[in-house]
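Numbering (UniProt numbering), first residue to last: 1 to 130. Each residue gets a CB set at the ideal place from its N, CA and C atoms; glycine is no exception. The structure appears right after this line, and notes come after that.
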C-alpha cells in the first residue's frame, strides 16, 4: 500500500480528522476517525483502508462494514463473503471474522464506540465458526 498516497487522500476527503497507521514501516491498515469514541462512547464511525488480512473479534461492539472502494473479503459464521462497493455486513460481539483487502476502503460503524481494548487479534491457525 502506498501509505503516503492514502494518508493524503484521507486528509483531503476528511480534513482535520485523526489518522492512525497501524505500522508505519509496513502498514496493513490506516484508520481515519470520523466520529471517535471521545465524541460519543455509544457509537463511532471511521474509514479503514485495508491492505492485508486482519483476523479478530470484538468483545462488546456490534460492527458494520460498508465497502466504499475495492473488494473486502470477510468471514462470518465460518462462511466467506466478498463485498464490493456499497455492500455491507454486520458482525456481532465475539463473532470471529477476517477483514482482508488490497487498499480497500471500508466505513466501519461500531456500537458501542470502538476502543483498542475491544478488538482482539486472532492468531494464525485459529478456527473460525466454532
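Supposed contact pair residue j and residue i - C-beta distance, whole angstroms, cut 8 Å
{"i": "residue 91", "j": "residue 76", "result": "6 Å"}
Pair within 7 Å by beta-carbon distance, residue i and residue j
{"i": "residue 117", "j": "residue 57", "result": "no"}
{"i": "residue 104", "j": "residue 60", "result": "no"}
{"i": "residue 49", "j": "residue 34", "result": "no"}
{"i": "residue 97", "j": "residue 74", "result": "yes"}
For residue i, the first and last residue of its enclosing alpha helix (DSSP H)
{"i": "residue 8", "result": "3 to 13"}
Span of the beta strand (DSSP E), counted from its first residue to its last, around residue i
{"i": "residue 20", "result": "18 to 21"}
{"i": "residue 64", "result": "62 to 69"}
{"i": "residue 82", "result": "79 to 83"}
{"i": "residue 25", "result": "Premise fails: residue 25 is in no beta strand (DSSP E) and is neither H nor E."}
{"i": "residue 101", "result": "97 to 111"}
Exercise for review: Examine the Cβ distances between the segment 69 to 87 and the segment 15 to 25 and report whether three or more of them are shorter than 8 Å.
Suggested key: They do not touch, by the three-pair rule.
Exercise for review: For the segment 60 to 72 and the segment 100 to 115, state whether three or more C-beta atom pairs, one from each stretch, are separated by less than 8 Å.
Suggested key: Contact between the segment 60 to 72 and the segment 100 to 115 is present: 3 or more CB-CB pairs across the two stretches fall below 8 Å.
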